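Okay, so the sequence shown: first residue is 1 according to UniProt numbering, each after it adds one.
Down below is the structure, laid out as structure tokens.
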Amino acid sequence: MKDFTGKIAVITGGGTGMGRELARQLVAQGCHVAMCDVSATNMAQTITLCQGDRIPQGVRITAHVADVSDEAALQRFRDEIKDQHQTDHIHLLFNNAGIAGGGSMVTDSRAAWERTFNVCWGGVYLGVRTFLDMLIAAPEAHIVNTSSVNGFWATIGPNTSHTSYAAAKFAVKGFTEALVTDLRLTAPHVKASVVMPGHIGTAIVANSRKVQGHTESDELGPEELAAARSRMTAAGMDVSQVPDAAIQAMVAEGARRFLEDAPMTAAAAATVILDGVKAETWRILVGDDAHMLDEWVRKDPERAYEPAFYEEFVKAVGWKLGG
1 MKDFTGKIAV ITGGGTGMGR ELARQLVAQG CHVAMCDVSA TNMAQTITLC QGDRIPQGVR
61 ITAHVADVSD EAALQRFRDE IKDQHQTDHI HLLFNNAGIA GGGSMVTDSR AAWERTFNVC
121 WGGVYLGVRT FLDMLIAAPE AHIVNTSSVN GFWATIGPNT SHTSYAAAKF AVKGFTEALV
181 TDLRLTAPHV KASVVMPGHI GTAIVANSRK VQGHTESDEL GPEELAAARS RMTAAGMDVS
241 QVPDAAIQAM VAEGARRFLE DAPMTAAAAA TVILDGVKAE TWRILVGDDA HMLDEWVRKD
301 PERAYEPAFY EEFVKAVGWK LGG
């Protein structure tokens, strides 16, 4: 697929981050976009940005509230697309939505663990299930599933548990790699790519807290404050005498750094992804850190989870993965 003009793209998680930037760039290239997110407010901001970029005449962008871990919600999203875009097919599916949380099997709640896994893995699986017939109905189509460097390296450092997100991203990677052969045998006009970004400047830290806490508030509640203290203590910080307001400020600063101090912007990441789709690259690494980490893990997998490996990587890239 060398040209997106006149195509129809579905994007999950279109309210912020890479999903938002994919929508902006696709619309600018003459592609119709249907996006979903759990936040109608964030999607409205995406549409406003697209309008500011000047939407080409005749190009449509629609927003649909849907939780990707809920199959019925995705099916409603699909039916709304058929109605609002007057189509029985789509050309592009970007299973992009994701959250963090549930890092520890031991100390985190089962609900938080499964919420993360069900969005990051279940959203990809259900996305493909829901839209597969519409993809096959197109003359050419492409599935783009977002994994992560945590899809081949299951950690963000030796002092932080990271099991749910990593498990989900490994599943996305393996599923998409297997789809390459499956589609070649059963629907050769449909391609599949797995995207593995490193640290990209997105609002996933702040968004994840809100999704996990079922809140739109920027203020941490009592349980969130307690959980933040626990994470900081596990990371070696003495926060026993730190007031709640300072904990709140530290969490907010961490989210800001992840978004604003990342080595690659979401817009630059979206460009890499779309270039990969045009080139029919099935494996799309995003960011210098992703390329470097892929090389390092392949070269020395036995040491990949040793503290020294992480410290050497941090020194090489000049910043800590994840902020």
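The beta carbon of each residue, even a glycine, is placed where N, CA and C say it ideally should be.
None of these values were measured; they are calculated from a predicted model.
Worksheet item: Excluding sequence positions up to five away, which residues of its chain have a Cβ less than 8 angstroms from the Cβ of GLY318?
Response: Excluding positions up to five away in sequence, the list is empty.
Practice prompt. Kindly give me the distance between the Cβ atoms of MET196 and GLY151, rounded to whole angstroms, as I take these residues to be in contact under 8 angstroms.
Written response: Yes, they are in contact, since the Cβ atoms of MET196 and GLY151 sit about 6 angstroms apart, within 8 angstroms.
Worksheet entry | Option nearest GLN75 by Cα separation, candidates GLY30, ASP288, LEU132 and PHE94 | Cα-wise, what sits closest to GLN75 is LEU132.
Worksheet item: For ARG184, which of GLN84, GLU140 and TRP296 has the nearest alpha-carbon?
Response: That would be GLU140, whose Cα lies nearest to the Cα of ARG184.
Item to complete: Taking PRO197 as part of the beta strand (DSSP E), name the residues at either end of that continuous run.
Response: Annotation for PRO197: the continuous beta strand (DSSP E) segment containing it runs 190-197.
Fill in: Terminal residues of the alpha helix (DSSP H) in which THR186 lies
Unbroken alpha helix (DSSP H) run through THR186: 163-186.
Practice prompt. Rounded to whole angstroms, what's the CA-CA distance from ALA137 to ALA72? Just pull it up for me.
Written response: Rounded to whole angstroms, ALA137 to ALA72 spans 21 angstroms at the Cα level.
Discussion item. Please classify GLU306 as buried or exposed, where buried requires at least 16 other C-beta atoms within 10 Å of its C-beta.
Written reply: By the neighbour-count rule (16 or more Cβ atoms within 10 Å), GLU306 is not buried but exposed.
Worksheet entry | Selected residue, minimal CA-CA separation from GLN121, among THR41, GLY17, GLY236 and VAL194 | Reading off the sequence, residue 121 comes out as Trp, not Gln. Cα-wise, what sits closest to TRP121 is VAL194.
Discussion item. Taking only three categories from DSSP, how would you classify MET105?
Written reply: Secondary structure of MET105 (DSSP, three-state): coil.
Item to complete: Identify which residue in LYS299, GLU302, LEU293 and SER240 has its Cα closest to the Cα of LYS315.
Response: Per the Cα distances, LEU293.
Worksheet item: With 8 angstroms set as the bound, which would you pick, yes or no: does the beta-carbon of LEU26 sit closer than that to a beta-carbon of chain C?
Response: The chain labelled as chain C is not found in the depicted structure, where only one protein chain is given.
Item to complete: Could you tell me which of ALA246, HIS199 and GLY201 sits nearest to LEU220, measuring between CA atoms?
Response: Residue ALA246 holds the alpha-carbon nearest to the alpha-carbon of LEU220 among ALA246, HIS199 and GLY201.
Practice prompt. Tell me where the beta strand (DSSP E) around HIS32 begins and ends.
Written response: Segment 32-37, the beta strand (DSSP E) holding HIS32.
Worksheet item: Alpha carbon to alpha carbon, what distance is there between ALA262 and SER230?
Response: Cα to Cα, SER230 sits roughly 25 angstroms from ALA262.
Item to complete: Just confirm the distance between the C-beta atoms of THR160 and GLY103, as a whole number of angstroms; I'd bet it's less than 8 angstroms.
Response: Between the beta-carbon of THR160 and that of GLY103 there is about 6 angstroms, and that keeps the pair under the 8 angstroms contact cut.
Item to complete: Any chance you could list the alpha helix (DSSP H) runs of at least 4 consecutive residues sitting entirely within the stretch 38-88, in chain order?
Response: Entirely contained in the stretch 38-88, the alpha helix (DSSP H) runs reaching 4 residues are, in chain order, 40-52 and 71-84.
Worksheet item: In three-state terms, what does DSSP make of GLY322?
Response: Bear in mind that the predicted position of GLY322 carries a pLDDT of just 47, short of 50, making it too unreliable to give a figure here.
Fill in: the stretch 280-295 in contact with the stretch 30-44 per 3-pair CB rule at 8 angstroms
No, the stretch 280-295 does not touch the stretch 30-44.
Worksheet entry | ALA245 (DSSP reduced to helix, strand or coil) | Note: ALA245 maps to helix in three-state DSSP.
Discussion item. Given this structure, state the Cα-to-Cα distance separating ARG129 from LEU135, to the nearest angstrom.
Written reply: Rounded to the nearest angstrom, the gap between the Cα atoms of ARG129 and LEU135 is 10 angstroms.
Worksheet item: Who are the Cβ neighbours of PHE313 in its own chain at under 8 angstroms, not counting the five residues just before and after it?
Response: Here the set comprises MET292, LEU293, TRP296 and LEU321.
Practice prompt. Measure how close the beta-carbons of HIS91 and GLU80 come, nearest whole angstrom, since I'm counting them as under 8 angstroms.
Written response: 18 angstroms between Cβ atoms; not a contact.
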